[in-house]
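According to the UniProt record's numbering, the sequence shown is numbered sequentially starting from 1.
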Amino acid sequence: MYIKKERSTPCVECRNQRRKCIRSSQDADCLRCEKLGETCQQPTQSGEEHKDLEALKSQVRLLEEAVAFMEEQLQIQQTHDNNSSPCSNYDGTLVRSERQPLPALSNRMIQSLFHTWKVKIRDGTFQIETGIQNISELLQFHPSITYLSPLSQYYTGKSSTTGSWSSNSSSYSDDSLNDFYGGCNAGIIMRFGREGIASLVPSTIKILTRCMKTRLVNSPATNTITLPNALLLDPKALVNQLLDIYFKCHNKYNPLVHEPTHRAKLATLENPLTDLVTLGICSYVCSAGCRHLQLPLQERRAMGDYFHAKARSIILDQFDLPENRLENVMGINLLMEYMHMTFKFDECRQLLAMAFQILLDLRNDYPEFRTTGVNACFEGGPHSGQYTFTKDEDPITDVNKMLFTRHVTFSLWYNLLMDYISDDFAKNECLHFPIWKYMADEPEETKRFVRAQNWVINLYNHDFVMNFTKQSFRVLMGRTCTLSLESIVKLETVLQEWAMSLPAEFRLCHDLYDKEACFKAIDQTTDSVVLTTFIHFHIFHVSTYSCLLQPKSLHGETQQQLLSWVQERSLQKILRSCQLALYAIHRLTMAETNSCNYKLCASEFLFSALDVLVLLALSPSMHIANEARPMMKSCLNELDTNRLSIRIKLQSSHSSGPTTFNLSELLNGGKLDVDYYNQFPHPWLEMMYDASRYITSE
């Protein structure tokens with residue numbers, strides 16, 4: 001006999017906090033309210049539901065009135081067009097602009113739109129069904145369609161803001177910019193993609209997508225993690241050793257924790273393993289492959305598993321406590337290194353979503369970061385693409401505000417990466433990074449790194465770059481992007497202006513594009529911050545222009561010549577930037593001997609450069625191919641030298657090693673043997689190394 005189960009209605013406090021309400025019976029008090037000392041109030045029976053229903057009905061009525069008003073306006077416009085001259089001014093725009101009056105559409109266009117396009121209301125939003133299936137059908141309305149330009153929403157006509165983005169060092173005006181950039185009237189549209197499996201980034205993305213949906217067979221559950229041997233004798237001494245290594249090697253150039261504040265907090269704790277940030281730091285050091293940690297690699301992996309499990313348990317227990325919001329975000333971001341290394345991408349995505357929601361709530365504590373509107377960003381005020389880098393920014397005294405600006409950047413960046421991996425990137429309409437702050441008691445190296453990082457952040461906050469990279473990033477994910485020729489030409493000017501805005505204290509040489517001058521300057525410098533900034537500069541060129549290496553064919557001889565010009569120019573820029581970046585990476589690994597963080601950064605840079613060098617080695621241009629092959633070999637040798645994970649001879653139950661698996665079969669739906677790599681201390685680096693060797697051998 002089927003017995004209907006009584007629905008459990010949460011109490012008022014749990015409903016407001018959006019958490020699970022745990023009660024033994026409907027009349028009993030909530031266990032969470034008792035634990036937190038809150039008054040447990042029972043919800044009203046049906047008043048709230050009726051109130052919500054009435055609100056929804058009222059919203060529907062307002063939407064119906066809006067639709068009726070829109071139809072009335074269309075009829076009025078149609079009547080006006082019948083009485084006006086047939087030679088009325090029509091610029092081909094279908095949307096009202098802030099700078100232009102509504103264009104007079106022809107009777108045929110009005111009738112076509114009115115009878116074939118359907119307007120619906122679903123989930124409180126307007127949806128328009130046009131019946132358009134491809135770009136050819138779209139272009140019949142007008143050859144200069146704004147949709148295809150990545151900057152159409154920012155550049156509309158002569159009164160566009162194209163002249164406002166240039167800095168004082170640039171002499172470009174509105175007229176000179178319009179000479180080569182037509183805004184929404186861009187007539188030359190190009191499509192780019194990436195074909196074949198000889199590419200590291202798309203291959204890795206496909207592997208990660210499967211890892212997000214696959215639980216490791218040998219991954220220990222939280223309640224089965226045993227205490228590692230290294231923690232049995234003197235856990236406090238080992239934790240102090242891990243903290244010293246973190247603040248010496250990693251936090252200077254990846255500043256996620258304020259050392260004086262954290263040290264003062266630890267002095268008040270009897271057991272440091274009950275502190276979330278401490279557990280996150282310990283997990284970070286055990287996963288980063290630091291050479292200063294004198295422990296066997298398998299022991300490091302066991303400790304990383306243990307620290308991660310305890311930190312995750314604390315996060316799930318206190319995620320809804322307001323006083324622990326920033327601590328929870330710090331713990332999650334510190335665990336990213338471990339989850340990234342061990343393929344825990346499903347869990348990583350869940351924790352990142354939690355951190356992002358906490359940051360949205362935490363932003364309300366800082367008035368300068370509050371924004372309103374659909375595309376609300378973390379940085380308050382307009383950001384119209386101007387370079388606002390300030391060299392002499394003063395330190396602040398609010399440690400929580402300083403940490404907030406940095407953790408927002410890390411959470412946003414990792415969230416964007418996970419969204420792209422999981423094919424769920426439509427929601428990130430605005431990705432604006434706040435300028436980092438720093439404290440007076442931080443190390444001088446950290447202060448310099450923060451100021452240099454703000455110069456890099458300044459580029460990603462540029463409106464043009466945000467829209468351009470949003471399109472070009474699709475190529476790295478194995479999709480097709482659409483760009484106008486004008487935007488590709490404009491990119492060169494924007495990057496040149498970005499290079500000119502670099503402060504002198506971080507500038508390697510006067511011209512960052514001059515190979516001979518840069519090679520000479522690299523040999524003469526040992527400044528890690530200068531070298532890293534220079535590498536960031538050229539790696540951005542490599543990753544961006546690599547998306548333009550495989551344009552889709554266009555009709556007509558002129559269009560084909562333009563595609564060849566874009567491809568050839570992109571090849572030249574990538575080849576130059578690869579040469580300079582690899583030379584600087586080699587110098588960085590030789591110059592920086594105190595910090596292991598730069599070793600890890602160098603490997604990540606090398607993986608990015610190697611992905612593009614494979615494409616250059618397959619170039620139809622013999623000159624570029626001959627230049628790229630020795631560089632590719634040099635990049636692999638550098639990876640061998642900087643390899644942070646040392647192979648250990650294990651008694652593996654797997655019959656075949658990772659270098660023998662069929663990558664082509666894997667990318668076409670095969671299964672990655674994740675458990676093979678899980679037996680190594682750093683599975684991610686092992687897989688990337690093997691994938692690099694396999695792809696370059698094809």
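Positions of the beta carbon are idealized from the N, C-alpha and C atoms, including for glycine.
Just to confirm before moving on: does the CB-CB distance between residue 63 and residue 121 stay below 8 Å?
yes
Could you pull out every residue in the same chain whose Cβ sits closer than 7 Å to the Cβ of residue 262, ignoring the five residues on either side in sequence?
277
What residues in its chain sit with their C-beta under 6 Å from that of residue 499, if we drop five residues either side in the sequence?
512
Alpha carbons only, please: which of 526, 394, 578 is nearest the one belonging to residue 537?
578
Count the other CB atoms within 10 Å of the CB of residue 623; is the residue buried (16 or more) or exposed (fewer)?
exposed
For residue 192, which three-state DSSP category applies?
strand
Inter-stretch contact (C-beta, 8 Å, three-pair minimum) for the region 287 to 307 and the region 318 to 327
no
Nearest neighbour of residue 259, chosen from 247, 253, 488 [CA to CA]
247
C-alpha distance - residue 280 paired with residue 349, whole-angstrom precision:
17 Å
Determine the contact status of residue 307 and residue 282, defining contact as a CB-CB distance below 8 Å.
yes
Residue 688 by DSSP, collapsed to three states: which one?
helix
Rounded C-alpha distance that separates residue 485 from residue 415
30 Å
Just the C-alpha distance for residue 233 and residue 239, rounded to the nearest angstrom, thanks.
12 Å
Mind checking whether residue 29 and residue 40 have CB atoms under 8 Å apart?
yes
Simplified DSSP state of residue 389, which is helix, strand or coil
In this prediction, residue 389 has a pLDDT of 47, which is less than 50 and means its spatial position is unreliable; what the coordinates show is noted afterwards. The answer is coil: DSSP assigns residue 389 none of H, G, I, E or B.
What beta strand (DSSP E) runs, 3 residues minimum, are completely inside the UniProt domain "Zn(2)-C6 fungal-type" (10 to 40)?
none
Let me know if residue 330 comes out buried or exposed under the rule of 16 or more other beta-carbons within 10 Å of its beta-carbon.
buried
Using only the alpha-carbon positions, how far apart do residue 438 and residue 583 sit?
31 Å
Per-residue burial, residue 590 [other beta carbons within 10 Å of its own, 16 or more giving buried]
exposed
Test item: CB-CB of residue 605 and residue 581 under 8 Å:
yes
Compute the beta-carbon to beta-carbon distance between residue 366 and residue 404, rounded to the nearest angstrom, for a pair I have assumed lies under 8 Å.
7 Å
Only counting runs of 3 or more residues, tell me where the beta strand (DSSP E) segments fall wholly within the region 431 to 510, in order along the chain.
481 to 484
Following the continuous alpha helix (DSSP H) through residue 347, name the residue where it begins and the one where it ends.
345 to 362
At 4 residues or longer, and completely inside the region 531 to 578: list those alpha helix (DSSP H) runs for me, N to C.
none
What's the gap between the Cα of residue 65 and the Cα of residue 75?
15 Å
DSSP has residue 72 in a bridge; who is on the other side?
Per DSSP, none; premise fails for residue 72.
Is it buried or exposed, residue 310, if we count other Cβ atoms within 10 angstroms and call 16 or more buried?
buried
Inter-residue spacing [alpha-carbon to alpha-carbon] between residue 33 and residue 14:
8 Å
Taking the alpha-carbon positions, what's the residue 453 to residue 191 distance?
32 Å
For residue 344, does the count of other Cβ atoms within 10 angstroms reach 16, so buried, or fall short, so exposed?
buried
Under the assumption that residue 411 contacts residue 352 (Cβ atoms under 8 Å), give the Cβ distance between them as a whole number of angstroms.
6 Å
Would you report the Cα separation of residue 637 and residue 129, rounded to the nearest angstrom?
55 Å
With distance defined between alpha-carbon atoms, name the residue in 507, 274, 394 nearest to residue 532.
507
Would you mind reading off the limits of the alpha helix (DSSP H) that contains residue 285?
276 to 287
Label residue 252 either buried or exposed according to how many other C-beta atoms from any shown protein chain fall within 10 Å of its C-beta, with 16 as the threshold for buried.
buried
Does DSSP classify residue 680 as helix, strand or coil?
coil
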